[in-house]
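What follows is a short report on a single structure.
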Amino acid sequence: MALAAGDQIPDVTLMTPSAEGPKPVQSASVLGTGTVVLFGVPGAFTPACSDTHLPGYVLRRDELKAKGVDTVACTSVNDAFVLEAWAESRGAGDAVLMLADGNGDFAKAAGLDMDGSKFGLGTRSQRYAAIVTDGVVRWIGVEPVPPTVEVSGVESVLSQL
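Last residue of the sequence shown: number 161 in the UniProt record's numbering, and the count goes up by one each step with no gaps.
Laid out in structure tokens, this is it:
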């Protein structure tokens, strides 16, 4: 069953890039306080993720903050080193908290995993965005397959805040 409005965010270990190397964090901890916009992508450096999805959240971070968002976070079934390089290549800085779901544990626990093996990707996350308040999903938009960037894009999230 996929994550839905009213559900508690799953609590699994994710990795986040840091100056000392990848650092483990609990999803319930980093996503469980305040208002969080969480978006999931099938893969760092993939075309739609790199050209549209991540850049939208980086460019409009101030608008999200003005609407009460405390944290913008991105999860992907990639390792923390890849997410760090991707964030750097897209100028994300500290605008987006990168959460590496290297084993797909969060995607599976959220019911948002998908089989990308016909594209050579293995198990990945579906493309989605969610508004989470104090650890509870308030709104979620999941893209149809093949994924686009419509219901999970920053414009859609801004309209829900």
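Using N, Cα and C, we set each Cβ at its ideal position, and we do this for glycine too.
Since the model is a prediction, treat every value here as computed from it, not as a measurement.
How would you call residue i, buried or exposed, if buried means at least 16 neighbouring beta carbons within 10 angstroms?
i: residue 39; result: buried
i: residue 2; result: exposed
i: residue 59; result: exposed
i: residue 144; result: exposed
i: residue 84; result: buried
i: residue 153; result: buried
i: residue 159; result: exposed
Going by beta-carbon coordinates alone, are residue i and residue j separated by less than 8 angstroms?
i: residue 44; j: residue 96; result: no
i: residue 36; j: residue 132; result: yes
i: residue 61; j: residue 72; result: yes
i: residue 70; j: residue 34; result: yes
i: residue 161; j: residue 67; result: yes
i: residue 4; j: residue 138; result: no
As a quick exercise: from the options, pick the residue whose alpha carbon is nearest that of residue i.
i: residue 119; options: 91, 105, 42; result: 42
i: residue 77; options: 108, 33, 134; result: 108
i: residue 75; options: 122, 34, 65, 130; result: 130
i: residue 27; options: 126, 154, 101; result: 101
i: residue 47; options: 24, 65, 86; result: 86
i: residue 19; options: 93, 116, 105; result: 93
i: residue 110; options: 121, 98, 128, 122; result: 128
i: residue 142; options: 116, 112, 134; result: 112
i: residue 80; options: 64, 138, 9, 104; result: 104
i: residue 211; options: 52, 68, 121, 99; result: Outside the displayed range of the chain (1 to 161) lies residue 211, so it cannot be described from this structure.
Output yes if chain B places a C-beta closer than 8 angstroms to the C-beta of residue i; else output no.
i: residue 55; result: The displayed structure is made up of one protein chain only, and chain B is not part of it.
Check your understanding: Going along the chain, which unbroken runs of the beta strand (DSSP E) with 3 or more residues stay wholly within the UniProt domain "Thioredoxin" (3-161)?
Key -> 13-16, 23-26, 35-41, 71-76, 97-100, 113-115, 123-125, 128-133, 136-142
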